[in-house]
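Trainee:
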């Protein structure tokens, strides 16, 4: 009885590390697409959509500041109606709020509804989604726009990510922070390798990602995005927004790309306490849902 199990173990072991060797070679030979010397697309062709629940806070202020430093055409902030006043009070302290920031609200907390509330308001060629806990370098937009200029088949471009560490962390925060940093670095490695192999990506992370606006403003996309169901129609999904858009890119023939380069690297935060395990559980559930949908429902990957 042990022999078949041993053969299965050896087969899985060889597959696991053969895949690692292939990914290592792909990662080491990967080259990002550099911005052209005379770009046709600039930061003024970009609108940033920023969904947020609280609508205020120091972290959100820092996120908005770093985004505006990159000089996008406009920033669309979307929160819930209950927090509109908090958001307005925060924006009133920002000199750029009158000309470069517009505020929108939805009735209930729902990230997909928040995103689709702002998408029709976009007037630029490129739309960037960002989380409310990221920090951008000033160089990120030219690098995100470069693939769109190189080939019209590119419909989405995602950035690499790095952990923004806590200030004066405790020992336990250092441990949790180390695990979070490992997660992001492993993700960067995996995405860069698979992008180089065949142009595929496991997921276009919503922390900071750019899409062609025409794709997002398609009526079919809006309907599918806001009405995705799970488990034979029993549940309607609010989470997994980035997984849905990634699958949409595949099913509609759009190419995607990851810009793995220090000038396209955004900083983000993760839980630095036991809540990190809950984050991992949520990511795992999302991956299982999306992978099963890709393989057995949509089937475009075959």
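Residue numbers (the numbering used here): -3 to 298.
Glycine included, every Cβ here is placed at the ideal spot set by N, Cα and C.
Predicted model, so just to flag it, every value in this text is computed and none were measured.
1) Measure the CB-CB distance between residue 195 and residue 252 and report whether it falls below 9 Å.
2) Excluding sequence positions up to five away, which residues of its chain have a Cβ less than 8 Å from the Cβ of residue 119?
3) What residue range is occupied by the uninterrupted beta strand (DSSP E) comprising residue 47?
4) Does residue 33 pass the burial test, meaning 16 or more other C-beta atoms within 10 Å, or should it be called exposed?
5) What does the Cβ neighbour count give for residue 243, buried or exposed, with the cut at 16 atoms within 10 Å?
6) At which residue ranges does the region 126 to 197 contain complete beta strand (DSSP E) runs of 3 or more residues, listed in the order of the chain?
7) In this structure, does DSSP put residue 263 in helix, strand or coil?
8) Helix, strand or coil for residue 297, going by three-state DSSP, please let me know.
9) Could you give the C-beta distance for residue 129 and residue 265, rounded to a whole number, given that I count them as a contact under 8 Å?
10) In terms of alpha-carbon separation, which member of 232, 39 and 199 lies closest to residue 65?
11) State the CB to CB distance for the pair residue 57 and residue 155, rounded to an integer number of angstroms; the pair is presumed to be in contact (CB under 8 Å).
12) Residue 177 to residue 279, Cα distance in whole Å?
13) In terms of residues, what are the limits of the beta strand (DSSP E) holding residue 69?
14) Do residue 108 and residue 234 have their C-beta atoms closer together than 9 Å?
15) Residue 31: which of 20, 269, 135 and 86 sits nearest, CA to CA?
16) For the candidate residues 246, 189 and 14, whose alpha-carbon lies nearest to that of residue 291?
Mentor: Looking at the coordinates:
1) yes
2) 43, 69 and 70
3) 42 to 47
4) exposed
5) buried
6) 150 to 159
7) strand
8) coil
9) 5 Å
10) 39
11) Rounded, the Cβ-Cβ distance is 21 Å, inconsistent with contact.
12) 15 Å
13) Taken as a continuous stretch (DSSP letters only), residue 69 belongs to no beta strand (DSSP E), as it is neither H nor E.
14) yes
15) 135
16) 246
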